[in-house]
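Below is one structure, written out as structure tokens; the observations come after it.
There are 2 protein chains.
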Amino acid sequence: MIGNLLQPELKELIRERDFGRLRETLEDFAPVDIAEILTDMEAADKAVLLRVLHKRQAAEVFEYLSMEDQESLLRALGSEEVAKILNELAPDDRTALLEELPAPATQKLLQLLRPEERKVAVGLLGYPKDSVGRRMTPRYVSIQQGWTVAQVLEHLRRVGRDQDTLNQLYVVDDRGCLVARVRLRVLVVAELNTPVVELLEQPVTALNVTDDQETAIEAFQKYDLTVLPVVDSHGCLVGVVTVDDILDVAEREATEDMQRLGGMEALDAPYLSIGLGRMIRKRAGWLALLFLGEMLTATAMGYFEGEIEKAVVLSLFIPLIISSGGNSGSQATSLIIRAMAVKDVSLADWWRVLWRELVAGVALGSVLAGIALIRILAWPTRAKLYGEHYFLIAITVALSLVGVVLFGSIMGAMLPFILRRLSFDPAVSSAPLVATLVDVTGLVIYFSVAYGILRGVLL
Amino acid sequence: MIGNLLQPELKELIRERDFGRLRETLEDFAPVDIAEILTDMEAADKAVLLRVLHKRQAAEVFEYLSMEDQESLLRALGSEEVAKILNELAPDDRTALLEELPAPATQKLLQLLRPEERKVAVGLLGYPKDSVGRRMTPRYVSIQQGWTVAQVLEHLRRVGRDQDTLNQLYVVDDRGCLVARVRLRVLVVAELNTPVVELLEQPVTALNVTDDQETAIEAFQKYDLTVLPVVDSHGCLVGVVTVDDILDVAEREATEDMQRLGGMEALDAPYLSIGLGRMIRKRAGWLALLFLGEMLTATAMGYFEGEIEKAVVLSLFIPLIISSGGNSGSQATSLIIRAMAVKDVSLADWWRVLWRELVAGVALGSVLAGIALIRILAWPTRAKLYGEHYFLIAITVALSLVGVVLFGSIMGAMLPFILRRLSFDPAVSSAPLVATLVDVTGLVIYFSVAYGILRGVLL
Chain A
239 MIGNLLQPEL KELIRERDFG RLRETLEDFA PVDIAEILTD MEAADKAVLL RVLHKRQAAE
299 VFEYLSMEDQ ESLLRALGSE EVAKILNELA PDDRTALLEE LPAPATQKLL QLLRPEERKV
359 AVGLLGYPKD SVGRRMTPRY VSIQQGWTVA QVLEHLRRVG RDQDTLNQLY VVDDRGCLVA
419 RVRLRVLVVA ELNTPVVELL EQPVTALNVT DDQETAIEAF QKYDLTVLPV VDSHGCLVGV
479 VTVDDILDVA EREATEDMQR LGGMEALDAP YLSIGLGRMI RKRAGWLALL FLGEMLTATA
539 MGYFEGEIEK AVVLSLFIPL IISSGGNSGS QATSLIIRAM AVKDVSLADW WRVLWRELVA
599 GVALGSVLAG IALIRILAWP TRAKLYGEHY FLIAITVALS LVGVVLFGSI MGAMLPFILR
659 RLSFDPAVSS APLVATLVDV TGLVIYFSVA YGILRGVLL
Chain B
239 MIGNLLQPEL KELIRERDFG RLRETLEDFA PVDIAEILTD MEAADKAVLL RVLHKRQAAE
299 VFEYLSMEDQ ESLLRALGSE EVAKILNELA PDDRTALLEE LPAPATQKLL QLLRPEERKV
359 AVGLLGYPKD SVGRRMTPRY VSIQQGWTVA QVLEHLRRVG RDQDTLNQLY VVDDRGCLVA
419 RVRLRVLVVA ELNTPVVELL EQPVTALNVT DDQETAIEAF QKYDLTVLPV VDSHGCLVGV
479 VTVDDILDVA EREATEDMQR LGGMEALDAP YLSIGLGRMI RKRAGWLALL FLGEMLTATA
539 MGYFEGEIEK AVVLSLFIPL IISSGGNSGS QATSLIIRAM AVKDVSLADW WRVLWRELVA
599 GVALGSVLAG IALIRILAWP TRAKLYGEHY FLIAITVALS LVGVVLFGSI MGAMLPFILR
659 RLSFDPAVSS APLVATLVDV TGLVIYFSVA YGILRGVLL
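From first to last, the protein sequence lines stand for chains A and B. First residue of the first sequence: 239, per the numbering used here; consecutive thereafter. First residue of the second sequence: 239, per the numbering used here; consecutive thereafter.
Structure follows, in structure tokens:
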């Protein structure tokens, strides 16, 4: 809102090249607000605005910009200006930027960093993609066990300004291994002459630098903390991860899972900003694969062509029956994939899930069978629509529905377990994939039931 | 891990009724670890363990327990013990518990609270479900503009211990309206004689107490803060919301969206702990509704029964064609629902989305059409399988695929916009719902194309 009110005024200052007053006006603004103003500006003005800011403020504003704006600004600014901003960026935000860029651009930017910052950046980029190391900052405060509260506060006044978080302070031993922590909030309510050792707590947990970022989401949820320490394989403290980065990771993971559930590759970019060609490619792969699988329905139908010729009435219910299997499978697979993602269900629970889906499948199938029976048997023109054997047709449809819905529920629930057991991502078990598998089986179930009931009558 | 090692020892102490040593052993434990140990214990031991703890520690442990454990413990403990814990609970965690219980139980528990705590609890429960007020705590620190840093720190040492967060301190005017904030981390790195007024910042944003909790998720993501102030309609500060509660909300919202996308009501409970009957009811409603919709396919098929009788070969491709429409619709609707949830796409973007899906639909449909053409025309036994007019059949299938996939993409993408425009939750546009809508239309498209191409030949 501030942005909308001030933007014309700022534009005016840019047009008049009154950079002194521009800098003055912006000095009192929160970085996030400047970022918002900048986002709405024209490309040329963006670079001007960022150039005017003090380097520390420029870096903070930069951290709040979208990846697209960051990239285009890096291209628009001169090397010297880029260097200023990059050197000031928080190490975790810098990693997030560098890991998105193509390798040559990353290399070029790394050259612009001061040697000590470059060492940090290269180190963080060395951790595996999606690992905790990539979201970490090495800027944390460590303190000595022997200090008093007053000494710690004195230490903070000296070194605290450059740290990314002060919420937790850490005590490490000679080898750099994490031994204890103290919370800032405990520190500031304690008397000044209290020895720190009385306030120390065991670190409730530490993340491993190679842990998957999903582990970090869980840990933050479980322990309700705003910052967690990160250790290497020797237990040495190498950095900290803050909750704001984890909130972003949690949202991104949920987005990816939801897109996979819809039956495609995860887009890895906002819907409106991803290139149309790239989006189509991400969707075409799975769509084509599902199509190839679905071709088996044509094969199955070909196998039953004789039956259809004899009793065309059977074909009327094909879409109804196979889609009911697909729908129940979609329910089951979304439930289980999400339950696995939030750790409500683990691999060992497979038989409990199987049991629940067996019961649910029969119950849900019976509900649909009941509706179908009423619909067919109570319809005034039933004999005209479905022929003289409408009663047997109704029984065929009802029994097939129970079978297909039961199969769909079990298939949808078990596929994520099978995929995970084979070390695939269970989220690959998308609703469309389950529907495709169930379609083929659904046809076989339907025509087998029909054959059993209608043999000698219609078939 | 600590839990597994110690559990036998603790059990032993409980069996021996050595409560003194038990309390001593547990004193140094983090509440979250005690909660974990307690979760794995037998029901009777749980109450004993909690009873032994100091009331402050008991309340903290209680906050980390699952809703189920909390409820069963409330039943197992005496009124006096329940009162002790309830009075010590953080107001936001207490709301989370009370809002889950049936109304009579909530009333009974409210009576156990001290008058001042009861006033707080009733006030928080008075805010609408899913509003920011329900996740808020009224325990924050407000300070005076005229103070120095030393005075603020002195104030914190006096009142800070009972607050739920100290990360942000707030300055309010005579009417209680929020005027400024200061971050604890800025405060502790400043010299002691600095006037606070020099460190004040504008509150970047404030949540409204009646805002939806989704608004809070967005705000925390945008501003990267760990705590945000909450104001009433007059701008008066009424409490604060902390990021740990919001991380939980974000996960729960994503779960609900994913379950709706799978075609059912959100479960509102973990998969393995929800009653089987309740889960079946939550799934049966949508499944039955979709089934009623899908019955239209039988009606449509009945309408084309004559065509099928003349050319049974047409029926072979029905599952293939309608499922392709469903799959492309599932992709589009998952993309758009998620993009809306994370605010990548707003209502005003509908025409940009429509345009993208038009292009994507034609492209994706053409890919599938190409595969189908190859499959039919290059198959060695094509004439035997599909009859002498296999070429026309192939053209019919290919054209129908383009039409159906295009329709599926547009339908899947536009339905969330329509639902939101009508003030429904766009997440209701589930993959199965889109598939159902597309199935009926897909049949009409297929038989219309067939009629156009095969009239006079087969039909």
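From the three backbone atoms N, C-alpha and C, an ideal C-beta is built for every residue, glycine too. Since we're looking at a predicted model, the values are computed, not measured.
- Boundaries of the alpha helix (DSSP H) around T333(A): P329 to L336.
- Burial is judged here by how many other beta carbons sit within 10 angstroms of a residue's own beta carbon; D462(B) has at least 16 and is buried.
- Closest option to F257(A), judged by alpha-carbon separation, among D283(A), P467(A), G608(A) and V270(A): D283(A).
- A direct Cα-Cα distance of roughly 38 Å separates S572(A) from V442(B).
- Ranking L350(A), L592(A) and L425(A) by CA distance to the CA of F655(A) puts L592(A) first.
- Between M539(B) and S584(B), the alpha-carbon positions lie close to 38 Å from each other.
- Between the segment 274-293 of chain B and the segment 308-315 of chain B there are three or more inter-stretch CB-CB distances shorter than 8 Å, so the stretches are counted as touching.
- In this model, I455(B) and L485(A) are separated by some 9 Å (Cα to Cα).
- At least one CB atom of chain A sits nearer than 8 Å to the CB of S568(B).
- The C-beta of S562(A) comes closer than 8 Å to at least one C-beta of chain B.
- Residues A570, I574, V591 and E595 of the same chain have their beta carbon placed closer than 6 Å to that of A651(B), with the five preceding and five following residues left out of the count.
- Take I252(A), set aside five residues on each side of it, and the residues of its chain with a beta-carbon closer than 8 Å to its own are L260, D283, V286 and L287, in chain order.
- Check the Cα spacing between V479(B) and each of E436(B), N405(B) and P508(B): the tightest is with N405(B).
- Comparing C-alpha distances from L475(A) to each of R521(A), Q389(A) and G371(A) shows the shortest one belongs to G371(A).
- One alpha carbon belongs to R352(A), the other to A334(B), and they sit about 49 Å apart.
- When Cβ-Cβ separations below 8 Å define contact, I272(B) makes no contact with chain A.
- Annotated as distal: L514(A) and V687(B), with beta-carbon spacing of 8 Å or more.
- Shown here for M279(B): same chain residues with a beta carbon closer than 7 Å to its own, the five before and five after excluded, namely L287 in chain order.
- Secondary structure within the segment 431-506 of chain A: the beta strand (DSSP E) runs of 3 or more consecutive residues, fully enclosed, are 465-469 and 475-480 (chain order).
- Residues are counted here when their Cβ sits less than 7 Å from a Cβ of chain A; for the segment 463-486 of chain B these are T464, V481, D482, L485 and D486, given in chain order.
- Excluding the 5 residues flanking it on each side, Y624(A) has same chain C-beta neighbours closer than 7 Å at V551, I614 and I631, in chain order.
- Exclusion of the five residues before and after R498(A) leaves A504, A665, V666 and S668 as the residues of its chain whose Cβ lies within less than 7 Å of its Cβ.
- Q308(B) sits in a helix when the DSSP states are folded into three classes.
- Taking 8 Å as the CB threshold, S553(B) lines the interface with chain A.
- Under the 10 Å beta carbon count, P366(A) is surrounded by fewer than 16 other beta carbons and is classified as exposed.
- Per DSSP, the continuous alpha helix (DSSP H) segment holding Q349(A) begins and ends at A341 to L350.
- Ranked by Cα distance from V426(A), the first of G477(B), V390(B), F458(B) and D450(B) is V390(B).
- With fewer than 16 other beta carbons inside 10 angstroms of its own, V360(B) counts as exposed.
- Uninterrupted beta strand (DSSP E) stretches at least 3 residues long and entirely within the segment 358-421 of chain A occur at 406-410 and 416-421, given in chain order.
- S562(B) has its alpha-carbon roughly 11 Å from the corresponding atom of L671(A).
- As the crow flies, the alpha-carbon of I275(A) is around 23 Å from that of N446(B).
- When C-beta atoms of the segment 323-343 of chain A are compared with those of the segment 290-303 of chain A, three or more pairs fall below 8 Å, so the two segments count as touching.
- The segment 631-641 of chain B makes no contact with the segment 511-527 of chain A: fewer than 3 CB pairs, one atom from each, lie closer than 8 Å.
- Shown in chain order are the members of the segment 578-602 of chain A whose Cβ falls below 8 Å from a Cβ of chain B: V580, D582, V583, D587, R590, V591, R594, V597, A598, A601 and L602.
- Going by beta carbons, A321(A) and L339(A) fall outside the 8 Å limit.
- The DSSP-derived three-state label of R255(A) is coil.
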